[in-house]
Amino acid sequence: MSNNFVKTLAVFILYILILSTILIIVILRYSTYGSIPDTMEMVDFSGILISLLGAAVFILISVVLTFLLARGWTKEQPIHAKLIFRLALIINLTLIVIFGGLAGGVIILRTLWTIGFF
Numbered sequence: 000m001s002n003n004f005v006k007t008l009a010v011f012i013l014y015i016l017i018l019s020t021i022l023i024i025v026i027l028r029y030s031t032y033g034s035i036p037d038t039m040e041m042v043d044f045s046g047i048l049i050s051l052l053g054a055a056v057f058i059l060i061s062v063v064l065t066f067l068l069a070r071g072w073t074k075e076q077p078i079h080a081k082l083i084f085r086l087a088l089i090i091n092l093t094l095i096v097i098f099g100g101l102a103g104g105v106i107i108l109r110t111l112w113t114i115g116f117f
């Protein structure tokens, strides 16, 4: 394996570990309030904007890292370049849907909470 591929893979794994750590910290911090309605009361407009900004940053970082990883892999196996970039595209679209869905979910839940649905 090339040095570039190994470095990008290490950064990608580190990125996933950092995201997992952030998620665990957020869950532990907000689980002390007991229930989802109590937690949703704490989310205000600035919290929604921060979640959207965070999701956008996570999407950009994941897209860049995935394509860097794919580029390093295609240098190793140029025969499979088309397949590698298709897989990278599928992974990126999946990550965009996941991160965008998380940010959109916060907005929808807060809106439903505001109108008294819960």
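Residues 0 to 117 (numbering that gives the first Met the number 0) are what the sequence shown spells out, left to right. We put the beta carbon where it would ideally sit given N, CA and C, even for glycine.
- Item | Pick from K6, F11, S45, V63 that is closest to L127, judged by C-alpha positions | Because residue 127 is not part of the residues shown, which for the chain are 0 to 117, the question remains open.
- Message: Quick check: what's the CA-CA separation for I97 versus L68?
- Response: Inter-residue distance for I97 and L68 is about 20 angstroms (C-alpha atoms, whole angstroms).
- Item | Beta-carbon proximity of F66 to A80, cut-off 8 angstroms | Contact flag unset, no.
- Same chain, Cβ closer than 7 angstroms to A54, five either side skipped, listed in chain order: Counting only Cβ-Cβ distances below 7 angstroms, and skipping sequence neighbours, we find F98, G99, L101, A102.
- Can you list, in chain order, the residues of its chain whose CB lies under 8 angstroms from that of Y14, leaving out five sequence neighbours each side? So the list reads I60, S61, L64, once near-sequence residues are dropped.
- Go ahead and pull the three-state DSSP assignment for I23. In the structure shown, I23 sits in a helix (DSSP, three-state: H, G or I).
- Item | I83 burial status per 10 Å Cβ neighbour count (16 or more: buried) | Buried, by the Cβ-count rule.
- Message: Please classify F57 as buried or exposed, where buried requires at least 16 neighbouring CB atoms within 10 angstroms.
- Response: By the neighbour-count rule (16 or more Cβ atoms within 10 Å), F57 is buried.
- Message: Would I47 and V105 qualify as a contact pair, given that the criterion is a beta-carbon distance under 8 angstroms?
- Response: Yes, Cβ-Cβ distance for I47 and V105 is below 8 angstroms.
- Message: Does I114 come out as helix, strand or coil in the three-state DSSP assignment?
- Response: I114 falls in the coil class under three-state DSSP.
- Does the Cβ of G71 have 16 or more other Cβ atoms within 10 Å, making it buried, or fewer, making it exposed? Residue burial is scored here from C-beta neighbours: G71 has at least 16 other C-beta atoms within 10 angstroms and is therefore classed as buried.
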